[in-house]
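So the sequence lines, in the order shown, correspond to chains A and B. Under our numbering, the first residue of the first sequence carries the number 1, and numbering increases by one thereafter. Under our numbering, the first residue of the second sequence carries the number 365, and numbering increases by one thereafter. Quick notes on the structure that follows.
Protein chains: 2
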Amino acid sequence: MSTISDRKKKILAAVVDEYIRTAEPVGSKAIAQTANLGCSPATIRNELAELVNMGYLEQPHTSAGRVPTPMGYRMYVNELMDRQKLSLEETEDINRRLNQKLQELDDTIDNVSRLASQLTDYPALALTTQSAVTIKRFDIIYVDANTFILVVMLSNNSVRNKLVRLPISVDQKMIQRLSSLFNASFTGITEDQITPLLINSTERAADDSMGLSSVIAAFAIEVLTDSSTPTAAVSGENRLLGQPEFRDPDKAHRLMSYLSGGGHILPADDSFGGTDEVRVLIGPENVAEELKDSSVVIASYDAGDNTRGLIGVVGPTRMDYSAVAAKLSFLAAGLSRRLGGGEAPPEGMHNKLIIKGDNSDGSR
Amino acid sequence: MSTISDRKKKILAAVVDEYIRTAEPVGSKAIAQTANLGCSPATIRNELAELVNMGYLEQPHTSAGRVPTPMGYRMYVNELMDRQKLSLEETEDINRRLNQKLQELDDTIDNVSRLASQLTDYPALALTTQSAVTIKRFDIIYVDANTFILVVMLSNNSVRNKLVRLPISVDQKMIQRLSSLFNASFTGITEDQITPLLINSTERAADDSMGLSSVIAAFAIEVLTDSSTPTAAVSGENRLLGQPEFRDPDKAHRLMSYLSGGGHILPADDSFGGTDEVRVLIGPENVAEELKDSSVVIASYDAGDNTRGLIGVVGPTRMDYSAVAAKLSFLAAGLSRRLGGGEAPPEGMHNKLIIKGDNSDGSR
DNA sequence: ATTAGCACTCGAAAGTTGAGAGTGCCAACA
DNA sequence: TGTTGGCACTCTCAACTTTCGAGTGCTAAT
Numbered sequence: 001m002s003t004i005s006d007r008k009k010k011i012l013a014a015v016v017d018e019y020i021r022t023a024e025p026v027g028s029k030a031i032a033q034t035a036n037l038g039c040s041p042a043t044i045r046n047e048l049a050e051l052v053n054m055g056y057l058e059q060p061h062t063s064a065g066r067v068p069t070p071m072g073y074r075m076y077v078n079e080l081m082d083r084q085k086l087s088l089e090e091t092e093d094i095n096r097r098l099n100q101k102l103q104e105l106d107d108t109i110d111n112v113s114r115l116a117s118q119l120t121d122y123p124a125l126a127l128t129t130q131s132a133v134t135i136k137r138f139d140i141i142y143v144d145a146n147t148f149i150l151v152v153m154l155s156n157n158s159v160r161n162k163l164v165r166l167p168i169s170v171d172q173k174m175i176q177r178l179s180s181l182f183n184a185s186f187t188g189i190t191e192d193q194i195t196p197l198l199i200n201s202t203e204r205a206a207d208d209s210m211g212l213s214s215v216i217a218a219f220a221i222e223v224l225t226d227s228s229t230p231t232a233a234v235s236g237e238n239r240l241l242g243q244p245e246f247r248d249p250d251k252a253h254r255l256m257s258y259l260s261g262g263g264h265i266l267p268a269d270d271s272f273g274g275t276d277e278v279r280v281l282i283g284p285e286n287v288a289e290e291l292k293d294s295s296v297v298i299a300s301y302d303a304g305d306n307t308r309g310l311i312g313v314v315g316p317t318r319m320d321y322s323a324v325a326a327k328l329s330f331l332a333a334g335l336s337r338r339l340g341g342g343e344a345p346p347e348g349m350h351n352k353l354i355i356k357g358d359n360s361d362g363s364r
Numbered sequence: 365m366s367t368i369s370d371r372k373k374k375i376l377a378a379v380v381d382e383y384i385r386t387a388e389p390v391g392s393k394a395i396a397q398t399a400n401l402g403c404s405p406a407t408i409r410n411e412l413a414e415l416v417n418m419g420y421l422e423q424p425h426t427s428a429g430r431v432p433t434p435m436g437y438r439m440y441v442n443e444l445m446d447r448q449k450l451s452l453e454e455t456e457d458i459n460r461r462l463n464q465k466l467q468e469l470d471d472t473i474d475n476v477s478r479l480a481s482q483l484t485d486y487p488a489l490a491l492t493t494q495s496a497v498t499i500k501r502f503d504i505i506y507v508d509a510n511t512f513i514l515v516v517m518l519s520n521n522s523v524r525n526k527l528v529r530l531p532i533s534v535d536q537k538m539i540q541r542l543s544s545l546f547n548a549s550f551t552g553i554t555e556d557q558i559t560p561l562l563i564n565s566t567e568r569a570a571d572d573s574m575g576l577s578s579v580i581a582a583f584a585i586e587v588l589t590d591s592s593t594p595t596a597a598v599s600g601e602n603r604l605l606g607q608p609e610f611r612d613p614d615k616a617h618r619l620m621s622y623l624s625g626g627g628h629i630l631p632a633d634d635s636f637g638g639t640d641e642v643r644v645l646i647g648p649e650n651v652a653e654e655l656k657d658s659s660v661v662i663a664s665y666d667a668g669d670n671t672r673g674l675i676g677v678v679g680p681t682r683m684d685y686s687a688v689a690a691k692l693s694f695l696a697a698g699l700s701r702r703l704g705g706g707e708a709p710p711e712g713m714h715n716k717l718i719i720k721g722d723n724s725d726g727s728r
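Following this line, the structure appears as structure tokens:
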């Protein structure tokens with residue numbers, strides 16, 4: 001039953017391609033012309049009717065062309081679409097932007113999402129799935145009697161700092177002492193290992209009657225929480241409005257609000273992020289109600305320190321999967337190369353693009 | 365000619381109020397009921413006709429109600445609207461959010477715009493107009509032979525850091541030397557005073573044959589550029605879609621794209637930012653073509669170190685000026701109190717809300 | 001100066017029509 | 001048996017028409 005003739009495949013592919021291009025239901029005549037199988041519209045009509053029966057296509061109404069169902073898209077993504085290779089200009093463009101963006105600032109996640117959005121012309125979001133972070137070292141810089149700077153280096157090699165102003169005076173000795181104490185007992189531990197007990201004992205050991213220890217400990221907790229909390233950045237929501245399926249302002253508004261809220265795109269339990277594969281979630285395959293008639297393409301990259309980042313792009317189900325997947329894949333590879341630890345993948349790796357996705361096929 | 369009877373004022377105010385509320389042209393009957401001047405719809409019709417002649421109102425078509433012109437809004441904003449006082453809950457809410465947001469992170473500008481957008485339910489943007497920033501002090505933390513951390517404290521009391529990894533080894537002595545040299549000659553100067561000459565001489569003085577000086581100097585330049593470049597943050601663009609005047613997706617799209625681009629809201633030459641006044645720009649008063657039929661409300665706050673920040677809110681000309689102005693004003697005051705140097709304004713200051721704006725009256 | 005009354009205007013919403021694209025099916029054909 | 005041309009049928013979309021009602025402007029009376 002699930003086997004499907006070669007010609008049907010070609011026809012299905014033609015329908016999807018055409019529909020992606022025009023956003024209009026595709027008729028038999030159009031297919032007869034574009035896909036040059038040597039047969040007439042009438043024949044194609046018969047095939048189309050069967051494809052509708054099988055659930056790959058549907059008709060908006062009796063006398064319109066055909067439109068792919070989510071199942072049709074799934075088939076297309078899994079087997080039919082030609083894995084697009086980026087042109088040289090495109091790869092160069094992306095590399096150039098990457099170099100530019102990344103050295104500019106390292107609040108990368110925001111830039112990554114903006115970049116992905118610009119490249120694909122769809123809304124994009126980037127998120128980090130940080131693993132357990134610990135503090136590598138503490139430094140306390142004495143500025144004046146009422147001011148010092150906390151500098152903390154984390155296991156993922158990012159550095160955070162905070163300026164602390166005090167209502168009272170401290171001497172350099174105290175700072176010295178606190179510094180070495182914190183370096184001794186607060187490094188290499190995760191957030192939940194910072195207990196009131198630990199803070200207390202440090203306070204006593206440092207002879208700190210002014211509660212400086214708690215200030216420092218609070219900063220440590222803040223930094224650790226902050227770095228191990230997954231954060232999301234969304235950009236380009238407004239690009240939705242360019243898509244004809246979002247001509248309805250209400251519909252657009254709903255989805256945009258959802259995205260702006262840092263929408264949860266991935267199935268929470270999903271252990272996604274193997275090698276540089278790209279995952280596609282089509283319409284109802286999405287968990288979030290708000291995404292049920294949109295599609296999401298996700299790539300994952302190595303962000304160093306055993307951390308993976310995700311870049312996702314959201315669009316109508318009639319999305320240019322091929323182009324988006326190619327771009328995201330290349331982008332992810334580029335990011336991995338720049339941020340990742342370990343083995344740098346070879347430069348040309350975007351060719352062997354693997355696409356994986358929900359294969360449960362059980363739609364409808 | 366420009367004098368206007370008391371009753372006309374009341375009627376104009378009533379029209380604007382009603383139109384702001386309903387977004388529908390306002391008829392004579394409706395006014396007769398809401399504004400209780402003791403007179404009949406017929407009388408009001410006469411007055412309305414005159415207000416149209418004077419240019420304060422207009423009719424979308426012969427037999428519809430009246431709608432305020434930009435000039436009408438201007439009059440309303442300048443003289444007629446009741447300066448709204450926030451309720452206790454509202455002020456508390458804002459203060460609570462401020463406390464929360466501000467201590468969370470000091471990449472404030474982003475949070476400020478988000479906050480403003482949430483409060484007003486319009487798109488908002490925040491921007492800084494940094495003045496000349498200098499470096500107060502340098503610290504270099506030795507991590508290991510190939511790694512050190514640069515910490516830089518700026519005149520505006522923000523602290524920046526950067527992890528530097530070297531392909532070669534350095535000893536602590538060198539770090540020591542560089543640190544004191546940079547503290548001696550790179551502090552208190554602005555970006556353009558960092559010349560190749562200066563870098564060179566430092567390099568020689570430190571006996572630095574490995575170009576560390578240039579790395580450090582580059583960081584200094586980066587930080588200074590970064591802090592003295594005005595940055596903008598835009599949030600809540602999607603709230604536009606809630607407004608009936610942006611039901612047209614194209615219109616919405618245009619404006620949203622403009623905003624996302626970090627749109628320039630203020631007349632470039634504008635020396636705005638006295639005390640905590642609020643400025644309103646109505647429709648054609650805006651310089652940017654894209655804003656010609658929208659309105660902007662802007663407040664300015666003291667961001668410390670002789671710097672002022674701006675918070676702006678964008679909406680249709682039919683915007684709730686009174687509420688927005690009150691909220692922005694209070695928000696700006698709160699920010700000034702928290703970030704500002706100098707004299708903290710008293711807690712209840714949002715009452716004496718001053719609104720200034722373009723008074724040129726020359727529309728049409 | 002105000003008001004009631006009334007004819008008039010005009011836009012929005014609902015209904016009507018016609019054209020065109022695309023189908024399904026049938027009978028003919030290789 | 002798979003393919004094809006032909007043709008009647010269906011259904012949407014756009015254009016046009018009709019209806020309805022809100023709101024006006026004017027006039028004459030108070």
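Note that CB positions come from ideal geometry on N, CA and C, so glycine has one too.
Interface flag, residue i vs chain B, CB-CB below 8 Å
i	result
Pro249/A	yes
Ser257/A	yes
Ile4/A	no
Bounding residues of the beta strand (DSSP E) (the contiguous stretch that carries residue i)
i	result
Glu277/A	277-282
Val380/B	From DSSP, Val380/B is part of no beta strand (DSSP E) but of the alpha helix (DSSP H) over 370-386.
Asp666/B	658-666
Thr511/B	511-518
Gly502/B	Per the sequence presented here, residue 502/B reads as Phe, with Gly not at that position. From DSSP, the beta strand (DSSP E) with Phe502/B extends over 499-508.
Start and end residues, alpha helix (DSSP H) containing residue i
i	result
Asp250/A	249-260
Ile539/B	536-549
Ser169/A	Neither: Ser169/A is in no alpha helix (DSSP H) and is coded neither H nor E.
8 Å Cβ cutoff, residue i in contact with chain A
i	result
Asp381/B	no
Asn602/B	yes
Leu336/B	No information on residue 336/B is available, as it lies outside the stretch 365 to 728 that chain B covers here.
Gly706/B	At Gly706/B the pLDDT is 46, less than 50, meaning the model places this residue with poor confidence; the figure from the coordinates comes in the next sentence. No, its Cβ sits nowhere closer than 8 Å to a Cβ of chain A.
Buried/exposed call for residue i, threshold 16 Cβ in 10 Å
i	result
Asn510/B	exposed
Arg114/A	buried
Leu125/A	buried
Asn400/B	exposed
Ala132/A	exposed
Val327/A	The amino acid at residue 327/A is misidentified as Val; the sequence shows Lys. Flag for Lys327/A reads buried.
Ile11/A	buried
Ala406/B	exposed
Residue from the options with nearest C-alpha to residue i
i	options	result
Ala332/A	Leu310/A, Asp320/A, Met319/A	Leu310/A
Thr398/B	Lys537/B, Val379/B, Gln423/B	Val379/B
Lys526/B	Tyr685/B, Val441/B, Leu514/B	Leu514/B
Val642/B	Val507/B, Arg409/B, Ser693/B, Thr493/B	Ser693/B
Ile505/B	Val159/A, Lys9/A, Val133/A, Leu127/A	Val159/A
Val678/B	Lys449/B, Asp669/B, Ile646/B, Asn521/B	Ile646/B
Glu414/B	Ile499/B, Lys449/B, Ser404/B, Ile368/B	Ile368/B
Gly334/A	Glu24/A, Glu90/A, Gln59/A	Glu90/A
Val307/A	Gly262/A, Thr229/A, Arg165/A, Ser260/A	The residue you asked about is not Val; residue 307/A is Thr in the sequence shown. For Thr307/A, the nearest C-alpha among the options comes from Thr229/A.
Thr69/A	Ile199/A, His61/A, Val52/A	Val52/A
Asn547/B	Ser659/B, Asp381/B, Gly429/B, Ile563/B	Ile563/B
Thr426/B	Met439/B, Gly391/B, Glu601/B, Leu561/B	Gly391/B
Ser209/A	Ile94/A, Arg83/A, Val170/A, Glu285/A	Val170/A
Partner residues on chain A for residue i, Cβ-Cβ distance less than 7 Å
i	result
Gly606/B	His253
Neighbouring residues, chain B, relative to residue i (Cβ below 8 Å)
i	result
Ile149/A	Asp503, Val515, Met517, Val523
Leu163/A	Met517, Asn521, Ser522, Val523
Where residue i meets chain B, residues with beta-carbon distance less than 7 Å
i	result
Ser260/A	Asn602
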